[in-house]
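S.K.: Starting off with a structure, shown below.
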DNA sequence: TGCCATTTAATCGCGCACGATTAAATCGTT
DNA sequence: AACGATTTAATCGTGCGCGATTAAATGGCA
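Residue numbers (the working numbering), protein chains in the order written: chain R, 1 to 149; chain H, 1 to 149.
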């Protein structure tokens, strides 16, 4: 019985340690990468989530808030304030869709579209900071995309 | 020249798209995993970062705030309020180190230590939700740990 | 001993991130 | 046409996460 108890306790220790490593690795990596982006994005006046929103808009500009939320996997409770800040910076415009007044259409302003030129150096700069071989990058990305669909 | 311009523009598009995929995959995966933990941790009355702090404390209980911050890679500006909430729940105690009044020592209360029993089911539950083969898990963890040291 | 540099947490302000709720517009069905 | 269900953003409250600053204790050195 003493052996049984030991084994159970050992399993608990192992399970919790494993869990710590798994989830913590993801949590820590995300925090570290955000910190890595900060100095690069400061120059553009963007936060990391704002940069992500701009990346999505640079690919296709007039988008509804809902479509942005789908692309970024974010709720309107997160997006609405973020978009208001981008609007206050003059990078985007927000307007109700005349066809369907429930929707809000987000459009890049000329300033917002122009920011793309200054942003194009960011990916390479970040890659340098990451010190991750390009070969591993694609593989890691695919694994993460599949994680917790 | 037109070809040169096209090629440059194409590179920019590609770089920004790649960047979006790389950083976004990490960002999205971290958000999704946090959302996945939420219902499991609600039962324990913990948030995900609070759970991480408890995992660290369950491994070694009297720890300074600084040591916790090192283990979790978090600043005191994040940890102090989080620890105050754990203290308010009766899971930990915070006290100045008599040997060095600058330090604050964090100790598990009996309640906090006992919570470990109820938490031991969490890793397995999460693994089920993740639907990630165990074989991939360790590999992913190692890659993430190396990411952006 | 006295004094300046360093260490350590705490505080403050800002910007996410989310669940729950609300409000308005649209849709469907009768 | 009417009215209940659904869709869509916005709002609210809570809890991070961080950089910058502050305050207190300690250490080191003349």
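Glycine included, each C-beta is placed from N, C-alpha and C at the ideal position.
Take residue 87 (chain R) and list the residues in its own chain whose beta-carbon comes closer than 6 Å to its own, dropping the five residues that flank it on each side.
M.R.: Position 87 of the first chain, counted from the first residue, corresponds to residue 87 (chain R). The residues are 94.
S.K.: Counting only C-beta atoms, is residue 136 (chain R) closer than 8 Å to chain H at any point?
M.R.: The sequence position of residue 136 (chain R) within the first chain is 136, counting from 1. Taking Cβ atoms only, chain H reaches closer than 8 Å to residue 136 (chain R), which makes this a yes.
S.K.: Would you say residue 148 (chain H) faces chain R, with C-beta separation under 8 Å as the test?
M.R.: What you label residue 148 (chain H) is simply residue 148 of the second chain in a count that begins at 1. So, interface residue.
S.K.: Give me the Cα-Cα distance between residue 70 (chain H) and residue 99 (chain R), rounded to the nearest whole angstrom.
M.R.: Taking the first residue of the second chain as 1, we reach residue 70 (chain H) at position 70. Taking the first residue of the first chain as 1, we reach residue 99 (chain R) at position 99. Between residue 70 (chain H) and residue 99 (chain R), the C-alpha separation is close to 53 Å.
S.K.: Helix, strand or coil for residue 93 (chain R), going by three-state DSSP, please let me know.
M.R.: Against the first chain, residue 93 (chain R) aligns to sequence position 93. Three-state DSSP puts residue 93 (chain R) in a strand.
S.K.: Using DSSP's beta-bridge definition, name the partner residues of residue 104 (chain H).
M.R.: Taking the first residue of the second chain as position 1, residue 104 (chain H) is located at position 104. Looking at the DSSP assignment, residue 104 (chain H) forms a beta bridge with H:96.
S.K.: Measure from the alpha carbon of residue 64 (chain R) to the alpha carbon of each residue in R:83, R:117, R:48, then state which is nearest.
M.R.: Locating residue 64 (chain R) in the first chain gives position 64, where the first residue counts as 1. Closest by alpha carbon: R:83.
S.K.: Please report the distance separating the alpha-carbon of residue 107 (chain H) from that of residue 89 (chain H).
M.R.: The residue given as residue 107 (chain H) occupies position 107 in the second chain. The residue given as residue 89 (chain H) occupies position 89 in the second chain. Cα to Cα, residue 107 (chain H) sits roughly 13 Å from residue 89 (chain H).
S.K.: Let me check understanding here. Comparing Cα to Cα, which of H:42, H:49, H:137 lies closest to residue 31 (chain R)?
M.R.: The count along the first chain starts at 1 and reaches residue 31 (chain R) at position 31. Comparing Cα-Cα distances from residue 31 (chain R) to each of H:42, H:49, H:137, the minimum goes to H:49.
S.K.: Determine the DSSP secondary structure at residue 78 (chain H), reduced to helix, strand or coil.
M.R.: As a position in the second chain, residue 78 (chain H) is number 78, starting the count at 1. Correct three-state label for residue 78 (chain H): helix.
S.K.: On a Cα-Cα basis, can you pick out the residue from H:102, H:101, H:81 that is closest to residue 92 (chain H)?
M.R.: Within the second chain, the letter at position 92 stands for residue 92 (chain H). Per the Cα distances, H:81.
S.K.: Report the partner residues of residue 63 (chain R) according to the DSSP bridge assignment.
M.R.: On the first chain, position 63 is the one that residue 63 (chain R) refers to. Paired residues: R:106.
S.K.: So is residue 50 (chain H) in contact with chain R if we call contact Cβ pairs under 8 Å?
M.R.: Mapped onto the second chain, residue 50 (chain H) falls at position 50. Residue 50 (chain H) does not count as touching chain R.
S.K.: Which residues of the region 24 to 35 of chain R have a Cβ closer than 9 Å to any Cβ of chain H? Give them in chain order.
M.R.: Result list: 24, 25, 26, 27, 28, 29, 30, 31, 32, 33, 34, 35.
S.K.: Is any beta-carbon of chain R found at less than 8 Å from that of residue 22 (chain H)?
M.R.: Here residue 22 (chain H) refers to the residue found at position 22 when the second chain is read from its first residue. Closer than 8 Å: yes.
S.K.: Could you give the residue range of the alpha helix (DSSP H) that holds residue 123 (chain H)?
M.R.: Indexing the second chain from 1 puts residue 123 (chain H) at position 123. 122 to 130 is the span of the alpha helix (DSSP H), which, as asked, contains residue 123 (chain H).
S.K.: If contact means a Cβ-Cβ distance below 7 Å, which residues of the region 71 to 94 of chain H contact chain R?
M.R.: Within the region 71 to 94 of chain H, the residues whose Cβ lies closer than 7 Å to some Cβ of chain R are 73, listed in chain order.
S.K.: Look at the alpha carbon of residue 132 (chain R) and the alpha carbon of residue 38 (chain H), and state the distance between them as a whole number of angstroms.
M.R.: As a first step, residue 132 (chain R) is located in the first chain; it is residue number 132 there, counting from the start. As a first step, residue 38 (chain H) is located in the second chain; it is residue number 38 there, counting from the start. Computed Cα separation, rounded: 31 Å.
S.K.: What first and last residue would you give for the alpha helix (DSSP H) that runs through residue 134 (chain H)?
M.R.: The residue given as residue 134 (chain H) occupies position 134 in the second chain. Note, residue 134 (chain H): alpha helix (DSSP H), 134 to 146.
S.K.: Can you name, in chain order, every residue of its own chain whose Cβ lies under 7 Å from the Cβ of residue 75 (chain R), other than the five neighbours on each side?
M.R.: If you number the first chain from 1, residue 75 (chain R) lands on position 75. Result list for residue 75 (chain R): 69, in chain order.
S.K.: Consult DSSP for residue 56 (chain R) and reduce its assignment to one of helix, strand or coil.
M.R.: As a working note, residue 56 (chain R) is residue 56 in the first chain. If DSSP states are grouped into helix, strand and coil, residue 56 (chain R) belongs with the helices.
S.K.: Here's a check: name, in chain order, each residue in its chain whose Cβ is nearer than 6 Å to the Cβ of residue 182 (chain R), leaving out the five neighbours to either side.
M.R.: With chain R running from 1 to 149 in the structure shown, residue 182 (chain R) is simply not present.
S.K.: For a contact defined as C-beta to C-beta under 7 Å, what are the partners of residue 144 (chain R) on chain H?
M.R.: In the first chain, counting from the first residue as 1, residue 144 (chain R) sits at position 144. Residues of chain H passing the Cβ test: 25, 26, 29.
S.K.: Less than 8 Å between C-beta atoms, sequence neighbours within five positions excluded: which residues of the same chain meet that for residue 140 (chain R)?
M.R.: If you number the first chain from 1, residue 140 (chain R) lands on position 140. Closer than 8 Å at the Cβ level, and outside the excluded window around residue 140 (chain R), lie 132.
S.K.: Output yes or no for whether 8 Å exceeds the beta carbon distance between residue 129 (chain R) and residue 36 (chain R).
M.R.: In the first chain, the residue the question calls residue 129 (chain R) occupies position 129. In the first chain, the residue the question calls residue 36 (chain R) occupies position 36. Yes, the pair counts as a contact, with Cβ atoms nearer than the cut-off.
S.K.: Suppose the cutoff is 8 Å on Cβ atoms and the five residues either side in sequence are ignored; what does the same chain contact list for residue 52 (chain H) look like?
M.R.: Residue 52 (chain H) sits at position 52 when you count from the first residue of the second chain. Around residue 52 (chain H): 72.
S.K.: Look at residue 115 (chain R) and residue 44 (chain R) and say whether their C-beta atoms are less than 8 Å apart.
M.R.: Here residue 115 (chain R) refers to the residue found at position 115 of the first chain. Here residue 44 (chain R) refers to the residue found at position 44 of the first chain. In contact: residue 115 (chain R) and residue 44 (chain R) (Cβ atoms closer than 8 Å).
S.K.: At the 8 Å Cβ level, is residue 141 (chain H) part of the contact set with chain R, yes or no?
M.R.: In the second chain, the residue the question calls residue 141 (chain H) occupies position 141. It does: the Cβ of residue 141 (chain H) has a partner Cβ on chain R nearer than 8 Å.
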